[in-house]
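Dropping the structure here:
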């Protein structure tokens, strides 16, 4: 990717407002912090304003608390004051929720650096390249091109971004270049083990007990291609946990050889939700859509507000079986 | 490390007998296969004879079934026939069990390439360097020095070796060089995601159910620094699993912030076993030793043949608490 236009924008402006998508992950926060440190190294002014609060497990990436949570009253005017608005790790303005109009309507220079597909054409400075495994790698290449040294802080931020979005360097878009970038970042003395533990080793007794009861509930369908688990309100109460603690649980279904679709049913106040995951070309978003849900091909969800899991469980599993048979023809 | 002596031995000999330690892991098997393919590329003869069977989840690394399980009758004479005996990923001859004497007493050239500490001086060709994160990286550097191309098969073998022994590139001995080596291996077109899934995504319904019941049994001690779990004979029966299926379970204890020691108690026919894990400098091997067990500082085990878990549980937890207090002074 040609970064010369971005570099020209950075060099010819003085103040930058950086933001990222709602519910930011480590690629979002890490890319923001990397970009922020870059701007600060150039002795220019930078602010990070996000719609969502920084997740607790990423707070270590922002030791000086520079990331601000969006507040309409105090932040609105900044969108018309900063020289450049920088959109990192997202490509559609709907992804910044209530900041959308402020961003869109600003007359200032806008810059988007992202690796997701299907960008919205909200600026002429749209640097979107889905061949990158992470936005962190794009920020890395930008900094390299500018011949700025990677210091410890930049390296830690970008390492976190790249490591998480590549699934510890194993997802399909991980390339030789990914590893060459990481080799460079490690030269600063960052500690990969510590970064990993900060991000992932955030279990609690309640959460692991809850994972336990959901794994214990795991069952297969007749064809042994669908695995499904269940979490009840009672499970949450007993383990003193909430729905956020179930993040990632459904993925355990796909760690079994031969399993093509995994589901986690989750009892809500008056109904239930289900998370669906699949491998290959099984479109769980289409299955979810039949029940009013949606999502991506391999990761989707549905929600039924007044019903019991038991009323739908068999029906949904049967419907997935039909998809699996269709796929096999 | 200076590989010139190894290269000279390889170049001036024709037949190689390669072996590794009992219960081989991916670094053992991957390094063997990488070395094997190297020798075959040089049009020399190579055989791999291991004391243990190849683990099922590593069979993909040996598509042509070249690895043989040791058989005293048919294999003994080979130790006096091959030009060179190659010890990979181990540094003490006791680690090859009943092949030990055959290896030791052979008059042929012996070569040891390994990254573990405290090597036994069983050959003058002892190439042991614990600064390497994996033996696979030593084989990588050897092949690089010889200016032999990394083909797909060598790359897949060495990737599996390096990825697993570095915990997906996060353990402490992972360096910039590790990533530079991996960058080179990826150029051959190997598929990291597929290799990861072959090795790690080998769950079964029974195993995940068993993991569930052990996580559900997890408790903390009073200080919230020790987490412990329990697996009963009944759990195994209900999930149709065996002790091998519990590999890695104890590590879940250490995914919790603040937990310094994790234990898995495991009911046996007439007694029980316990696996202990710790972080930092807490010597769980010394604690295990007090009950007749042993191991490494951060990973140890003990076994009591006639007793109930309940008779010892509190005692052992109390003893660990004392160590934790001692550590803090």
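Chains as they are written, first to last, in our numbering: chain A, 30 to 358; chain B, 30 to 358. For glycine and all other residues, C-beta sits at the position ideal for the given N, C-alpha and C. Since the model is a prediction, treat every value here as computed from it, not as a measurement.
Give me the chain A residues within the contact set of residue 133/B, using Cβ-Cβ distance strictly less than 7 Å, ordered along the chain.
Neighbours of residue 133/B on chain A: none; closest Cβ ~37 Å, over 7 Å.
Nearest residue (CA-CA) to residue 71/A, options 161/A, 172/A, 208/A:
172/A
List the residues of chain B that residue 306/A touches, going by C-beta distances under 9 Å, in chain order.
Correct list: empty, because the minimum Cβ distance to chain B is about 13 Å.
Pick out whichever of 38/B, 118/B, 240/B has its Cα sitting closest to the Cα of residue 57/B.
118/B
Assess contact between the stretch 254–265 of chain A and the stretch 249–258 of chain B, defined as three or more Cβ pairs (one per stretch) separated by less than 8 Å. Is contact present?
no
Nearest by alpha-carbon distance to residue 296/A: which of 251/A, 263/A, 280/A is it?
263/A
Beta-carbon gap between residue 218/A and residue 191/A smaller than 8 Å:
no
Return the CA-CA distance between residue 169/B and residue 207/B, expressed in angstroms with no decimal places.
Pairing residue 169/B with residue 207/B, the inter-Cα distance amounts to about 10 Å.
Does the beta-carbon distance from residue 155/A to residue 187/A come in below 8 Å?
no
Quick one: what does DSSP say residue 133/B is sitting in, helix, strand or coil?
helix
Assuming residue 233/B and residue 194/B are in contact, meaning their beta carbons sit under 8 Å apart, how far apart are those beta carbons, in whole angstroms?
Incorrect: roughly 25 Å between the Cβ atoms, too far for contact.
Using DSSP bridges, identify the partner residues of residue 329/A.
305/A, 324/A
Close beta carbons around residue 358/B, own chain, < 7 Å, minus the five adjacent residues each side
Low local confidence applies: a pLDDT of 41 at residue 358/B is under 50, so the model's placement there is unreliable, with the coordinate-based value given in what follows. Hits under 7 Å: none found.
Can you find the residues in the same chain that come closer than 6 Å, C-beta to C-beta, to residue 136/B, ignoring five residues on each side of it along the sequence?
none
If we ignore side chains and look at the alpha-carbon of each, how far apart do residue 229/A and residue 221/A end up?
12 Å
DSSP has residue 258/B in a bridge; who is on the other side?
293/B
Is the separation between the beta-carbon of residue 241/A and that of residue 241/B shorter than 8 Å?
yes
Taking only runs that begin and end inside the stretch 103–149 of chain A, name each unbroken alpha helix (DSSP H) of 4 or more residues, in chain order.
Runs of the alpha helix (DSSP H) inside the stretch 103–149 of chain A: 129–134.
Going by DSSP in three states, residue 249/A sits in which element: helix, strand or coil?
Three-state result, residue 249/A: strand.
Starting from residue 157/B and walking both ways along the beta strand (DSSP E), at which residues does that stretch end?
155–157
Cβ-based neighbour list, residue 330/A, same chain, cut-off 8 Å, excluding 5 preceding and 5 following:
302, 303, 304, 305, 317, 322, 323, 324
Is residue 76/B near residue 111/B, with beta carbons less than 8 Å apart?
yes
Need the endpoints of the alpha helix (DSSP H) that residue 190/B sits in, please.
Segment 181–194, the alpha helix (DSSP H) holding residue 190/B.
Chain-ordered residues of the stretch 97–126 of chain A with a beta carbon less than 8 Å from chain B:
none
Are the C-beta of residue 166/B and some C-beta of chain A separated by less than 8 Å?
Closer than 8 Å to the CB of residue 166/B there is not a single CB belonging to chain A.
Cβ pair count under 8 Å reaching 3, the stretch 197–206 of chain B against the stretch 83–96 of chain B:
no
Pop quiz: residue 108/A and residue 140/A are said to be a contact at Cβ under 8 Å. What is the actual Cβ separation, rounded to whole angstroms?
The pair is not a contact, with the Cβ atoms about 14 Å apart (cut-off 8 Å).
If you draw a straight line from the alpha carbon of residue 245/B to that of residue 30/A, how long is it in whole angstroms?
Counting only the Cα atoms, residue 30/A lies some 49 Å from residue 245/B.
Measuring alpha carbon to alpha carbon, tell me which of 80/B, 34/B, 59/B, 42/B ends up nearest residue 52/B.
Ranking 80/B, 34/B, 59/B, 42/B by Cα distance to residue 52/B puts 80/B first.
Per the DSSP calculation, residue 57/B is bridged to which residue(s)?
According to DSSP, which records beta bridges pairwise, residue 57/B is partnered with nothing at all.
Among 64/A, 124/A, 205/A, which residue has its Cα nearest to the Cα of residue 95/A?
64/A
Would residue 274/A be called buried (16 or more neighbouring beta carbons within 10 Å of its own) or exposed?
buried
Are the C-beta atoms of residue 358/B and some chain A residue less than 8 Å apart?
Any reading at residue 358/B must be qualified, since the residue scores a pLDDT of 41, below 50, and its modelled position is unreliable; the value itself is stated next. Residue contact with chain A for residue 358/B: absent (no Cβ-Cβ distance below 8 Å to any residue of chain A).
Look up residue 71/B in the DSSP assignment and say whether it is helix, strand or coil.
coil
So, under 8 Å CB-CB, residue 290/B and residue 307/B are touching, yes? Tell me the CB distance rounded to an integer number of Å.
Separation of the CB atoms of residue 290/B and residue 307/B is rounded to 5 Å, and the pair is thereby assigned contact status at 8 Å.
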